[in-house]
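Per the numbering used here, the sequence shown runs over residues 9 to 320. Let me begin by presenting the structure, written as structure tokens, before commenting on it.
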Amino acid sequence: EVWLRLNTVLPRCLWIMTINALLDINGTAKNVTITQENVLVDPLQVLRCDIRVFRCGPILKIILRILEASLAASRSQLSRHLLDKPLLEKSGQLTSDSEREELKNALIAAQESAALQILLEACLETTEDQSKPELMWSLREVRSIICSFLHQVFISEPSLAKLVHFQGYPRELLPVTVQGIPSMHICLDFIPELLSQASLEKQIFAVDLVSHLSIQYALPKAMSIARLCVNTLSTLLSVLPSDLRLELFQPVLKSLVRICVAFPSLLEDITSLLLQLGRICESQSSLGHCWNDTNILGEGAYVQSDIQSDSK
């Protein structure tokens, strides 16, 4: 409350004092003093704080308030820079004002997406969190605060939500983001594009994201996207070599279980896909092929469901 009151009197000075007071004293920022000019040029300086800040809800709220203001100030500064320094001669790499505007927007998107990625990384559970029960409670509070912040950002800038998910983040955070960010349903608009990427990592991320969205939002649109995922996996099954097939299908098995729970009408298609996968594996095994020496038989052939069934 004292900080918020001071923030109404001398905000910018208070922000810089707060940032410097919370710098990582054990890291590389030992003898560093951040100025207002530093923050205008690079708003990510705000997040160079001590790691303990990301397990203290009240202080994290202050940092997020400063971060939001710093990102807005940086956007304004870049726009002002373009106006103050017009393109007088069409020489060099930049030949038009539209190109300068595109570069400015790309820089802003890079800064803001990097800030969101840092915040998402702060939501990851660490070994220290597991060893101290009080830190687990702090982690829950911090996740709630960060998810609320991300929700506001995604609502105001849907393109930023698309950029963050195309960049990707640890898949273990998907249950946190899907359940904690109410605006995550907008991801359904760009998942088909994400699925069409050539990277297996992005395709796995897309299927996992769809499975969690299907549980959270059992909508007709989610069902059509889930069906698209199954069809895409069926296509990839027939074209991928054995090593890449393992790399793709082993991580998505639990995702397929979640899709079946959310949309039982897709159960037949998914069962057919898995049977086809089993037949291909069996035929390759009989020919002497191995999947990178990975145990896919016995217990390794089964995947534990995250969903507890009501029936026995």
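Glycine is no exception: its CB is placed at the ideal position from the N, C-alpha and C atoms. Being a predicted model, the structure only gives us computed values, none of them experimental.
query	result
Can you list, in chain order, the stretches of the alpha helix (DSSP H) that have 4 or more residues and sit fully within the segment 234–279?	250–270
Where do the ends of the alpha helix (DSSP H) carrying LYS170 lie?	166–175
Quick check: the segment 141–148 against the segment 60–70, are there 3 or more CB pairs under 8 Å?	yes
Could you check what DSSP says for CYS57 in three-state terms: helix, strand or coil?	strand
If you drop the 5 nearest sequence neighbours on each side, which residues of the same chain put their C-beta closer than 7 Å to that of LEU14?	LEU22
How about the segment 237–255 and the segment 186–193: do they share at least three Cβ pairs that are nearer than 8 Å?	no
Which residues in the same chain as LEU182 place their Cβ atom closer than 7 Å to its Cβ, once the five residues preceding and following it in sequence are excluded?	ASP216, LEU217, HIS220
On the DSSP bridge list, what partners appear for LEU31?	CYS57
Quick check: what's the CA-CA separation for SER222 versus VAL10?	44 Å
Would you kindly work out how many angstroms separate the C-alpha atoms of GLU165 and THR185, rounded to a whole number?	17 Å
Which residues in the same chain have their Cβ closer than 8 Å to the Cβ of LEU75, if we skip the five residues on either side of it in sequence?	PRO51, VAL54, LEU55, ALA123
Are ARG285 and LEU245 touching if we call contact CB-CB under 8 Å?	Checking the displayed sequence, the identity of residue 285 turns out to be Leu instead of Arg. Against a cut-off of 8 Å, the Cβ pair of LEU245 and LEU285 comes out as a contact.
Between the Cα of ARG253 and those of ARG179, GLN211, SER152, LEU115, spot the shortest distance and give me the residue it belongs to.	GLN211
In whole angstroms, what separates the C-alpha of SER294 from that of ILE278?	24 Å
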